[in-house]
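**Student:** I'd like to ask you about the structure that follows.
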Amino acid sequence: MSEKCNLCPNNCNVDRQNFVGRCTELNNMRIAKFYPHPFEEPFISGTKGSGTVFFSGCSLKCAFCQNFELSRSTRGKSITAHDLADIFKQLEGMGVHNINLVNPTHFVDKIYEAVKIYHPNVPIVYNTHGYESKTSLDIALKFVDVFLPDLKFKSPTLSKRYTGIANYFEVASSAILKMMQERPTQIKNGLILKGTCVRHLILPLAAKDSIEIINWFEQNALNESYISIMSQYTPFGEIDKFAELKRPITKGEYERVLQALMQSSITNCYIQDRTSASEKFIPKWDF
Ligand code: SF4
Numbered sequence: 199m200s201e202k203c204n205l206c207p208n209n210c211n212v213d214r215q216n217f218v219g220r221c222t223e224l225n226n227m228r229i230a231k232f233y234p235h236p237f238e239e240p241f242i243s244g245t246k247g248s249g250t251v252f253f254s255g256c257s258l259k260c261a262f263c264q265n266f267e268l269s270r271s272t273r274g275k276s277i278t279a280h281d282l283a284d285i286f287k288q289l290e291g292m293g294v295h296n297i298n299l300v301n302p303t304h305f306v307d308k309i310y311e312a313v314k315i316y317h318p319n320v321p322i323v324y325n326t327h328g329y330e331s332k333t334s335l336d337i338a339l340k341f342v343d344v345f346l347p348d349l350k351f352k353s354p355t356l357s358k359r360y361t362g363i364a365n366y367f368e369v370a371s372s373a374i375l376k377m378m379q380e381r382p383t384q385i386k387n388g389l390i391l392k393g394t395c396v397r398h399l400i401l402p403l404a405a406k407d408s409i410e411i412i413n414w415f416e417q418n419a420l421n422e423s424y425i426s427i428m429s430q431y432t433p434f435g436e437i438d439k440f441a442e443l444k445r446p447i448t449k450g451e452y453e454r455v456l457q458a459l460m461q462s463s464i465t466n467c468y469i470q471d472r473t474s475a476s477e478k479f480i481p482k483w484d485f
């Protein structure tokens, strides 16, 4: 008898042998690209790149997704756990500093199978939208060294507007607290070996929400965790209904958020330059 999928907080309860839930992916893993990615935070990309594997589908599906073709499952090829283990070896052979699993939540159980076949000799990075259940996070904690979660929205109104999910912050912030508790930061020679780096993308008309995320991090960060404030928002995806999303963030919005960060007591942080808003940072998909 097939099991029903309740891996992530969406609890779709579907048989993924034959049907898709919110993530729009069946049981078998699909990926759209793997390569040494140069554009992550400096302590992740280093000088040789981060060994990034981009998974197809997504269990959150933000309207403004910067990897739209992937998250909507229009790109990707099927791979087995053995194939993924081989990809880990190939990336290691290219000299990457880590294995970086992008949007892994809906395949986390399959990825764990690959790690049991071949455990990379470099840190494993879990690059997630942050909307993790106890089930998905407990599996990730068995093999992940570095958590790289987004914390996208504080406001339930914003998360509902752009993802259809009102309890995003409640679920994601609780998962991130657990990540920070479980992975005290270790950095060596400028590269992160273990820890948590919380990412937040500033959205047009939402600087207030970004400042609330910074305030939350200031009050709750544990174990020398990092925050990375991203300004690279580029109009992309299913944004026809959202007039405010049809432009990059303004200089004024960027500076408001930057000022809040500077006035906080946070010292473990990265902030992108505003010129990072460009489609050139969106990879070309291979599969
Ligand atoms: S992994 Fe996919 S099918 Fe399973 S509960 Fe999450 S969104 Fe639904």
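When we follow the numbering used here, the leftmost residue of the sequence shown carries the number 199, and every step to the right adds one.
A virtual CB, placed ideally from N, CA and C, is assigned to each residue, including glycine.
Count Cβ pairs between the segment 457 to 470 and the segment 410 to 417 that sit closer than 8 Å; are there 3 or more?
**Tutor:** Verdict: yes, contact present.
**Student:** Mind listing which residues have their beta carbon within less than 5 Å of any non-hydrogen atom of ligand 1? Chain order is fine.
**Tutor:** The set, ordered by position in the chain, is Cys203, Leu205, Cys206, Asn208, Cys210, Gly219, Arg220, Cys221, Ser257 and His304.
**Student:** DSSP beta-bridge partners for proline 234?
**Tutor:** Residue mapping note: residue 234 aligns to position 36 of the sequence shown, counting from 1. Proline 234 is bridged to Gly249.
**Student:** Are lysine 275 and isoleucine 229 close, meaning C-beta to C-beta below 9 Å?
**Tutor:** Counting from one through the sequence shown, the residue named residue 275 turns up at place 77. Counting from one through the sequence shown, the residue named residue 229 turns up at place 31. Contact: yes.
**Student:** Let me make sure I understand the geometry here. Which of Cys256, Ser254, Phe237 and Phe253 has the alpha-carbon closest to that of glycine 247?
**Tutor:** By one-based count along the sequence shown, residue 247 stands at place 49. Here the closest residue by C-alpha is Phe237.
**Student:** Between the beta-carbon of leucine 389 and the beta-carbon of histidine 295, is there less than 9 Å?
**Tutor:** Translated into positions along the sequence shown, residue 389 becomes position 191. Translated into positions along the sequence shown, residue 295 becomes position 97. In contact: leucine 389 and histidine 295 (Cβ atoms closer than 9 Å).
**Student:** Measuring CB to CB, does tyrosine 329 end up less than 9 Å from leucine 258?
**Tutor:** Here the question's residue 329 lines up with position 131 in the sequence shown. Here the question's residue 258 lines up with position 60 in the sequence shown. Going by C-beta atoms, tyrosine 329 is nearer than 9 Å to leucine 258.
**Student:** Could you pull the start and end residues of the alpha helix (DSSP H) that threonine 361 belongs to?
**Tutor:** Within the sequence shown, the letter at position 163 stands for residue 361. It spans 354 to 361 - the alpha helix (DSSP H) in which threonine 361 sits, taken as one unbroken run.
**Student:** Please determine, among His235, Ile363, Cys263 and Phe367, the residue with the shortest C-alpha to C-alpha distance to glutamine 209.
**Tutor:** As a first step, residue 209 must be located in the sequence shown, where it is residue number 11. Looking at the sequence itself, residue 209 is asparagine, so the reference to glutamine does not match. Of His235, Ile363, Cys263 and Phe367, the residue nearest in Cα terms is Ile363.
**Student:** Tell me which residues share the same chain as phenylalanine 232 and place their Cβ nearer than 6 Å to its Cβ, disregarding the 5 neighbours each side in the sequence.
**Tutor:** The residue given as residue 232 occupies position 34 in the sequence shown. If we look at phenylalanine 232 and ignore the five residues flanking it on each side, its Cβ neighbours are Val251 and Ile285.
**Student:** Is DSSP giving threonine 186 helix, strand or coil here?
**Tutor:** Beyond the ends of the chain as shown, which are 199 and 485, falls residue 186; an answer cannot be given.
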